[in-house]
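Participant:
In the numbering used here, the protein residues as written are 9 to 255.
1. At which residue ranges does the segment 67–102 contain complete alpha helix (DSSP H) runs of 4 or more residues, listed in the order of the chain?
2. Which residues mark the beginning and the end of the beta strand (DSSP E) in which residue 142 is found?
3. Could you round the C-beta distance between residue 227 and residue 238 to whole angstroms and report it? I think they count as a contact, below 8 Å.
4. Apart from the five residues on each side of it in sequence, which residues of its chain come closer than 7 Å, Cβ to Cβ, to residue 10?
5. Pick from 77, 21 and 173: whose alpha carbon is nearest that of residue 119?
6. Could you pull the start and end residues of the alpha helix (DSSP H) that residue 181 belongs to?
7. Whole angstroms is fine: what's the gap from residue 149's alpha carbon to residue 168's?
8. Tell me the DSSP bridge mates of residue 116?
9. With residue 107 as the anchor, note down where its beta strand (DSSP E) starts and where it stops.
10. I'd like to know if the segment 81–90 and the segment 122–130 are in contact, where contact means that at least 3 CB-CB pairs between them fall below 8 Å.
11. Exposed or buried, which one is residue 186 when buried takes at least 16 other CB atoms within 10 Å?
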């Protein structure tokens, strides 16, 4: 796993430069919420009416602000890849709700957890990303029994107790990244495919139903001790570049 390379953007009507992607490249961006400096009012102003309506429906201000931040930064970031004004970007939604650009040559996915947002951007290939905040008091065995495949549950139980919580979150983010990449979301039952769970070993899609594991690259992301994250992208030849957004 490489180091995170810092890269800056500015909020202007049109981007002052273009980000380029090699044909098999995936650029993964991380944003620490407390380190970004764009005023929420400016980010909200570039959202569509539908996005503003979604933001207004959040019950808690923290959740509303997190949505505005994540969606506003997504628009700004994608403007650097497309050359379009952030406010002019148009999204459409797949059968199970996955957003994509109406001109889908640039493919993306987003995930956020308290304090951290991840974006994955690539060209002409399906991609999914997930991040979770690691909670030591989380009832991971109970959740694993409900949602993990039998092989995964067996792998988890074979680990020393002190490794099980981290292994659960690594596995969970891998599974979430995969179902997001397929565009099927939770319509694809989590127990219908298996992933590796050991944080000390490379992430791997071990088996699937109606799909080939060889079609996908699965990669765990080093986000620090408080987070687990994973990327799933179509194409085993994909090259992953890690970028930290500086604003």
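Where a beta carbon is used, it is the ideal one built from N, C-alpha and C, also for glycine.
Small disclaimer: the values here were computed from a predicted structure and weren't measured.
Facilitator: Checking against the coordinates, here is how it stands:
1. If we require 4 residues or more, the alpha helix (DSSP H) runs fully inside the segment 67–102 come out as 69–90.
2. For the purposes of this step, residue 142 is identified with residue 134 of the chain shown, where counting begins at 1. Careful: residue 142 lies outside any beta strand (DSSP E) and carries neither H nor E.
3. Within the chain shown, numbered from 1, the residue matching residue 227 stands at position 219. Within the chain shown, numbered from 1, the residue matching residue 238 stands at position 230. Right, their Cβ atoms sit about 7 Å apart.
4. In the chain shown, the residue the question calls residue 10 occupies position 2. Only 250 meet the Cβ criterion.
5. As a first step, residue 119 is located in the chain shown; it is residue number 111 there, counting from the start. Minimum Cα distance to residue 119 is reached at 77.
6. On the chain shown, residue 181 is found 173 positions in, with the first residue counted as 1. Per DSSP, the continuous alpha helix (DSSP H) segment holding residue 181 begins and ends at 169–190.
7. In the chain shown, the residue the question calls residue 149 occupies position 141. In the chain shown, the residue the question calls residue 168 occupies position 160. CA-to-CA, the gap between residue 149 and residue 168 works out to about 13 Å.
8. In the chain shown, residue 116 corresponds to position 108, counting from 1. 129, per the DSSP bridge assignment.
9. Sequence index remark: in the chain shown, residue 107 carries index 99 (1-based). Unbroken beta strand (DSSP E) run through residue 107: 107–109.
10. Yes: the two stretches touch, three or more of their Cβ pairs being nearer than 8 Å.
11. On the chain shown, position 178 is the one that residue 186 refers to. Classification for residue 186: buried.
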